[in-house]
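Enquirer: Quick note, the sequences are listed as chains V and X, same order. Per my numbering, the very first residue in the first sequence carries number 2; after that it's consecutive. Per my numbering, the very first residue in the second sequence carries number 2; after that it's consecutive. Cβ atoms here follow ideal geometry from the backbone N, Cα and C, with glycine treated the same way.
Protein chains: 2
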Amino acid sequence: MSGPARVTHASTRAAVLDLVRAAGMISRVGLVNATGLTGGTISTVVRGLIDEGLVAETGHAESTGGKRRVMLQLNHFARYAVGVHLDDARITYVLTNLGGAVVARISRAGAGADEPAAVVARVAREADALIDSVGVERDRILGLGLVAARPSEHHEFGRALERATGLPVVLDHDATAAAIGEHWSGGVGATSTFAALFMGTGIGAGVVLGGTTYRGPSGHTGEIGHACLDIDGPRCWCGAKGCLEALAGPAAVVEQARADRALTRAAGLVGGRTRAATPVAADFAAISRAARQGNTRAVTLLERSARYVAAAARTLANVLDLEVLVLTGPSFAIAGSIYLPVLRAELDSAFIARDVHPISVRLSPSAASAPAIGAAAIVLQSELVPRRQGLRLPDDLAAEEPPVFQALR
Amino acid sequence: MSGPARVTHASTRAAVLDLVRAAGMISRVGLVNATGLTGGTISTVVRGLIDEGLVAETGHAESTGGKRRVMLQLNHFARYAVGVHLDDARITYVLTNLGGAVVARISRAGAGADEPAAVVARVAREADALIDSVGVERDRILGLGLVAARPSEHHEFGRALERATGLPVVLDHDATAAAIGEHWSGGVGATSTFAALFMGTGIGAGVVLGGTTYRGPSGHTGEIGHACLDIDGPRCWCGAKGCLEALAGPAAVVEQARADRALTRAAGLVGGRTRAATPVAADFAAISRAARQGNTRAVTLLERSARYVAAAARTLANVLDLEVLVLTGPSFAIAGSIYLPVLRAELDSAFIARDVHPISVRLSPSAASAPAIGAAAIVLQSELVPRRQGLRLPDDLAAEEPPVFQALR
DNA sequence: CGAGGATTCTTCAGTTACTAAACAAAGAAA
DNA sequence: TTTCTTTGTTTAGTAACTGAAGAATCCTCG
Chain V
2 MSGPARVTHA STRAAVLDLV RAAGMISRVG LVNATGLTGG TISTVVRGLI DEGLVAETGH
62 AESTGGKRRV MLQLNHFARY AVGVHLDDAR ITYVLTNLGG AVVARISRAG AGADEPAAVV
122 ARVAREADAL IDSVGVERDR ILGLGLVAAR PSEHHEFGRA LERATGLPVV LDHDATAAAI
182 GEHWSGGVGA TSTFAALFMG TGIGAGVVLG GTTYRGPSGH TGEIGHACLD IDGPRCWCGA
242 KGCLEALAGP AAVVEQARAD RALTRAAGLV GGRTRAATPV AADFAAISRA ARQGNTRAVT
302 LLERSARYVA AAARTLANVL DLEVLVLTGP SFAIAGSIYL PVLRAELDSA FIARDVHPIS
362 VRLSPSAASA PAIGAAAIVL QSELVPRRQG LRLPDDLAAE EPPVFQALR
Chain X
2 MSGPARVTHA STRAAVLDLV RAAGMISRVG LVNATGLTGG TISTVVRGLI DEGLVAETGH
62 AESTGGKRRV MLQLNHFARY AVGVHLDDAR ITYVLTNLGG AVVARISRAG AGADEPAAVV
122 ARVAREADAL IDSVGVERDR ILGLGLVAAR PSEHHEFGRA LERATGLPVV LDHDATAAAI
182 GEHWSGGVGA TSTFAALFMG TGIGAGVVLG GTTYRGPSGH TGEIGHACLD IDGPRCWCGA
242 KGCLEALAGP AAVVEQARAD RALTRAAGLV GGRTRAATPV AADFAAISRA ARQGNTRAVT
302 LLERSARYVA AAARTLANVL DLEVLVLTGP SFAIAGSIYL PVLRAELDSA FIARDVHPIS
362 VRLSPSAASA PAIGAAAIVL QSELVPRRQG LRLPDDLAAE EPPVFQALR
């Protein structure tokens, strides 16, 4: 037998499930075509998924000359996942179903300087309340996704939360979560190469290459906020000069606006006068509002920022050969309408591979709550489409070997 | 059931072979530890590789209290590969063994405006001469790798060369080839994430993520030459402003040097006066020579270029979370000693993940012939470590499905 | 020197997940 | 109705692994 098809996807089951999710609705024959597996294999795999309740037969396609295809769909309400976004100002909780659709959502004040143990207890309580509010059985919750701007600072918190809730907890970067959320919700193709450009108070990017999340060896992938756009530019906290964030991030925009008396007054910026919980986010929102209402100084400021963001986005697209770029995160939720056309124009005119394939630039439909939704999507992905566990290939093989050799014979 | 001496799975075989290559010398137990497979599996896989002549037992390790481990090594002279680098000025041919070491090498004048059919015949003849010069049997040549700055323009040429030589031909980008060459030769770890920054007349980067070459959906990955470093900078041929190539590429350096009368005279630049075959490459070499001899104007010019290249390299490293950055290609072969310290300083002080893991910046030991060696390495990789063929996951599944549905029952 | 333990490598039955091919079911065309 | 097409299931066979037992080799110690 020639059978080459031992599939490299972690499991065929996961691959088929992911295809059903990505397609929305598909028949067994469609799965045969999409996977390259035989009808027999698809038949048994699908039966297993139906028995588990994850997939359901939902109707028939019209005949194409023979028996009609039985259509399959993800049983969206078979399982759920909790997503939690830790921000300085607020903690956002969402409960999503298998399709990544938000079933329930609450938002509470940030933890501030509270005792870690107290925060764990509080987050566990609030997550429980979220689950109870829609009456979902506990064993249908796949897990809890936790995202933050600097996930490495929340490792201990995640472990404690795991104990407190009894749910598996996965921890990730907000930008990566946003990218996975977009991917899971089906806005972009199943195998597409795309980035989610994430703007909160900082700027980052979540990267999905050919349908697979790329995190990098230390999870620091996509740090586009520190792309250099001016080698003699202002010094950034990261140690370099001319970083995108320092030139055009929300904090920089707010600072520039505050230097403008007229704009400060017109937009009603608070940061200059009082100590709000999140002066940058609030003032950036105020500037965006002013721009939408026609304040030319605000428009000029944001368009200047957009030009820098667009240049960095072009660099990102050129380096990764992107097919899709999604703008997401709280700042794009507010000011996306100003940034989007500038980024589109830049990539339409200067993306290096534009003659080979187009690059689609769009605004996330749920930019504001993208991190929390993405957090839940990470749980869905990690539980239902486990990572392909390739062979371990340690770097220092020599170290595993005894150092002294003697010639053969 | 228990059939004797079965052929093992292609991808396992490939993984084991790749481990033997990467480790240099390893025992069966070492392979068990590295792969996670059982001893029995490793035993049969290794027997197959030894039967094929690809691997050999080369000695014993010292005992750790029991039977001594039998050490395995790649049989470097079991197979060979030809690498061809098409440049405007020159065509470089190398013959490498399984380890990626150069066994023979010739270089001839570029094709210029010659008839394509004549060039095919000539390249086939010269490749044959290369093979004959070391007396390697034809059936030990795995194939011919062909690299160029714009591979898409050489598709037809590659097919014709395949017919003319009777060897499988693989075509790729020069920067990608250089990266694979570095990876295969073992300079970087087996699973490391690194980029080969390639500077010829343009600037590009070959990208290897976690040991796997990343080419992107259209093969345009790593276009760092068009990273934006000045949003109001000079216009580049790509349509954008302030691209690295336009600001600091070899062509830009040469242009800046020609504007300097004293430097033009001191370095003996030809481009300004005569029509050399490759004025940019020749003049860039002349400037580098002048800089090494202490000409301060030349040094200033190259260091200015290095600052831009360093800023782009930092952006690349931040976006991809790189562990290693290798400088390669003809221009770094000439001027690497000037660029290297500037890039090192930049990344040591401003790489965003520097506190989590260091980034190693180094010059390729074979920068000048990296494209040709890499071309051969691509053949080795594609023939010996075939791509894991995952499931096909077409993007537009909906299109494969009949559009009209009717409710079930 | 030889028994006994440690370690490495091989053999082989059993399991899993696939394929190929025959079969069954359902609709269209005639 | 009969015949053809298409979809989905069942079944036998097999590639590629695992796990456990056994053989081979080396060291140590009485």
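Do you know how far the Cα of asparagine 76 of chain V is from the Cα of glycine 187 of chain V?
Expert: If you number the first sequence from 1, residue 187 of chain V lands on position 186. If you number the first sequence from 1, residue 76 of chain V lands on position 75. Each residue's alpha carbon lies about 15 Å from the other.
Enquirer: Which same chain residues end up closer than 6 Å to valine 148 of chain V when comparing Cβ atoms and leaving out the 5 residues on each side of it in sequence?
Expert: Residue numbering aside, residue 148 of chain V sits at position 147 when the first sequence is read from its first letter. For valine 148 of chain V, where only same-chain residues beyond five positions count, the Cβ hits under 6 Å are His86, Asp173, Asp175, Ala178, Pro372 and Ala376.
Enquirer: Start and end of the alpha helix (DSSP H) containing valine 320 of chain X?
Expert: Walking along the second sequence from the start, residue 320 of chain X turns up at place 319. Valine 320 of chain X -> alpha helix (DSSP H) spans 297-321.
Enquirer: Looking at alanine 165 of chain V: is its Cβ nearer than 8 Å to the Cβ of valine 121 of chain V?
Expert: As a working mapping, residue 165 of chain V is identified with position 164 in the first sequence. As a working mapping, residue 121 of chain V is identified with position 120 in the first sequence. Yes, they are a contact pair.
Enquirer: Strictly below 7 Å CB to CB, what residues from chain X border glutamate 246 of chain V?
Expert: In the first sequence, the residue the question calls residue 246 of chain V occupies position 245. Those within 7 Å of glutamate 246 of chain V in chain X number zero; the least Cβ separation is about 11 Å.
Enquirer: Can you tell me the Cα-Cα spacing of alanine 318 of chain V and glutamate 304 of chain V, whole angstroms?
Expert: Here residue 318 of chain V corresponds to residue number 317 of the first sequence, with the count starting at 1. Here residue 304 of chain V corresponds to residue number 303 of the first sequence, with the count starting at 1. Rounded to whole angstroms, alanine 318 of chain V to glutamate 304 of chain V spans 20 Å at the Cα level.
Enquirer: Would you mind stating whether arginine 139 of chain V and glutamate 127 of chain V have Cβ atoms separated by less than 8 Å?
Expert: Taking the first residue of the first sequence as position 1, residue 139 of chain V is located at position 138. Taking the first residue of the first sequence as position 1, residue 127 of chain V is located at position 126. Cβ distance not < 8 Å, so arginine 139 of chain V and glutamate 127 of chain V don't count as in contact.
Enquirer: Could you name the residues that DSSP lists as bridge partners for phenylalanine 195 of chain X?
Expert: For this step, residue 195 of chain X is matched to residue 194 along the second sequence. BP columns for phenylalanine 195 of chain X point to X/Val209 and X/Val325.
Enquirer: Just to confirm my understanding: we take serine 383 of chain X, look at its own chain, exclude 5 residues before and 5 after, and list those with CB closer than 6 Å. What are they?
Expert: Counting from one through the second sequence, the residue named residue 383 of chain X turns up at place 382. Val171, listed in sequence order.
Enquirer: If you scan the region 47-132 of chain V from start to end, which runs of the beta strand (DSSP E) of 3 or more residues do you find wholly inside it?
Expert: 56-62, 71-75, 81-87, 91-98 and 103-110
Enquirer: Does the region 323-330 of chain V come close enough to the region 338-350 of chain V to have 3 or more Cβ pairs within less than 8 Å?
Expert: Yes, they touch.
Enquirer: Along the chain, where does the alpha helix (DSSP H) containing leucine 381 of chain X start, and where does it finish?
Expert: As a working note, residue 381 of chain X is residue 380 in the second sequence. Start and end: 371-385.
Enquirer: Going straight from the alpha carbon of glutamate 224 of chain V to that of methionine 26 of chain X, what length do you get?
Expert: On the first sequence, position 223 is the one that residue 224 of chain V refers to. On the second sequence, position 25 is the one that residue 26 of chain X refers to. Whole-angstrom Cα-Cα distance: 38 Å.
Enquirer: Quick one: what's got a C-beta closer than 6 Å to arginine 22 of chain X's C-beta in the same chain, skipping five residues either side?
Expert: As a first step, residue 22 of chain X is located in the second sequence; it is residue number 21 there, counting from the start. Counting only Cβ-Cβ distances below 6 Å, and skipping sequence neighbours, we find Leu75.
Enquirer: By the DSSP assignment, the alpha helix (DSSP H) with valine 171 of chain X in it spans what residues?
Expert: Here residue 171 of chain X corresponds to residue number 170 of the second sequence, with the count starting at 1. First-last for valine 171 of chain X: 170-174, but that is the beta strand (DSSP E), not the alpha helix (DSSP H).
Enquirer: Spatial neighbours of aspartate 129 of chain X within its chain, please: CB distance less than 8 Å, with the 5 preceding and 5 following residues excluded, ordered by chain position.
Expert: Residue 129 of chain X sits at position 128 when you count from the first residue of the second sequence. For aspartate 129 of chain X, where only same-chain residues beyond five positions count, the Cβ hits under 8 Å are Thr166.
Enquirer: For a contact defined as C-beta to C-beta under 8 Å, what are the partners of glutamate 256 of chain V on chain X?
Expert: The sequence position of residue 256 of chain V within the first sequence is 255, counting from 1. Under the 8 Å cutoff, chain X gives no residues; its nearest Cβ is about 19 Å from glutamate 256 of chain V.
Enquirer: Which chain X residues sit within Cβ distance under 8 Å of arginine 319 of chain V?
Expert: On the first sequence, position 318 is the one that residue 319 of chain V refers to. Reading the sequence as shown, one finds asparagine at residue 319 of chain V and not arginine. Here the neighbours are His221, Glu224, Ile225, His227 and Ala228.
Enquirer: Pull up the DSSP beta-bridge partners for valine 189 of chain V, would you.
Expert: For the purposes of this step, residue 189 of chain V is identified with residue 188 of the first sequence, where counting begins at 1. In the DSSP assignment, no residue is bridged to valine 189 of chain V.
Enquirer: State whether the region 197-212 of chain X contacts the region 330-337 of chain X, with contact taken as three or more CB pairs (one from each stretch) at a distance under 8 Å.
Expert: yes
Enquirer: Is the shortest distance between the beta-carbon of alanine 312 of chain V and the beta-carbons of chain X less than 8 Å?
Expert: Position 311 of the first sequence, counting from 1, holds the residue named residue 312 of chain V. Output row for alanine 312 of chain V: interface = yes.
Enquirer: Under a three-way DSSP split, which group does alanine 24 of chain V fall into?
Expert: The residue given as residue 24 of chain V occupies position 23 in the first sequence. Helix, per DSSP.
Enquirer: In the structure shown, what three-state DSSP assignment does serine 361 of chain V receive?
Expert: By one-based count along the first sequence, residue 361 of chain V stands at place 360. Serine 361 of chain V: strand per DSSP, three-state reduction.
Enquirer: For chain X, check one thing: does any of its Cβ atoms lie closer than 8 Å to the Cβ of leucine 210 of chain V?
Expert: The residue given as residue 210 of chain V occupies position 209 in the first sequence. True, the Cβ-Cβ gap to chain X drops below 8 Å.
Enquirer: Let's see if you can read the secondary structure: which residues bound the alpha helix (DSSP H) around alanine 149 of chain V?
Expert: Locating residue 149 of chain V in the first sequence gives position 148, where the first residue counts as 1. Counting along the chain, alanine 149 of chain V falls outside any alpha helix (DSSP H), though it belongs to the beta strand (DSSP E) covering 142-149.
Enquirer: When DSSP labels each residue in this structure, what does arginine 14 of chain V get in the three-state scheme?
Expert: Working through the first sequence from its first residue, we reach residue 14 of chain V at position 13. Note: arginine 14 of chain V maps to helix in three-state DSSP.
Enquirer: Considering only the beta carbon of each residue, do alanine 228 of chain V and cysteine 244 of chain V sit closer than 8 Å?
Expert: Numbered from its first residue, the first sequence carries residue 228 of chain V at position 227. Numbered from its first residue, the first sequence carries residue 244 of chain V at position 243. Yes, the pair counts as a contact, with Cβ atoms nearer than the cut-off.
Enquirer: At a Cβ cut of 8 Å, what residues of the region 345-363 of chain X count as close to chain V, listed as they run along the chain?
Expert: Interface annotation for the region 345-363 of chain X against chain V: Glu347, Ser350, Ala351, Ile353, Ala354, Val357 and His358, criterion Cβ-Cβ distance under 8 Å.
Enquirer: Along the region 154-180 of chain X, what residues have a CB closer than 9 Å to any CB found in chain V?
Expert: none
Enquirer: Which chain V residues are close to alanine 241 of chain X, counting only those with a beta carbon under 7 Å from its beta carbon?
Expert: Against the second sequence, residue 241 of chain X aligns to sequence position 240. Those within 7 Å of alanine 241 of chain X in chain V are Arg315 and Ala351.
Enquirer: Measure the CB-CB distance between leucine 210 of chain V and tyrosine 340 of chain X and report whether it falls below 8 Å.
Expert: Counting from 1 along the first sequence, the entry for residue 210 of chain V is found at position 209. Counting from 1 along the second sequence, the entry for residue 340 of chain X is found at position 339. Against a cut-off of 8 Å, the Cβ pair of tyrosine 340 of chain X and leucine 210 of chain V comes out as no contact.
Enquirer: Name the chain X residues whose beta carbon is nearer than 8 Å to that of threonine 194 of chain V?
Expert: Locating residue 194 of chain V in the first sequence gives position 193, counting from the first residue. Those are Gly217 and Pro218, listed as they occur along chain X.
Enquirer: Listing by chain order, which chain X residues have their CB less than 8 Å from the CB of arginine 308 of chain V?
Expert: As a working mapping, residue 308 of chain V is identified with position 307 in the first sequence. What arginine 308 of chain V touches in chain X: Ile232.
Enquirer: By the DSSP assignment, the alpha helix (DSSP H) with glutamine 294 of chain X in it spans what residues?
Expert: The sequence position of residue 294 of chain X within the second sequence is 293, counting from 1. Counting along the chain, glutamine 294 of chain X falls outside any alpha helix (DSSP H), and DSSP gives it neither H nor E.
Enquirer: Hey, quick one: how far does the alpha helix (DSSP H) through isoleucine 335 of chain X stretch, first residue to last?
Expert: Stepping through the second sequence from its first residue, residue 335 of chain X is reached at position 334. Looking at the DSSP string, the run of the alpha helix (DSSP H) that includes isoleucine 335 of chain X is 331-351.
Enquirer: Taking C-beta pairs closer than 7 Å, name the residues in chain X that glutamate 324 of chain V reaches, listed in chain order.
Expert: Along the first sequence, one-based indexing puts residue 324 of chain V at 323. What glutamate 324 of chain V touches in chain X: Pro218.
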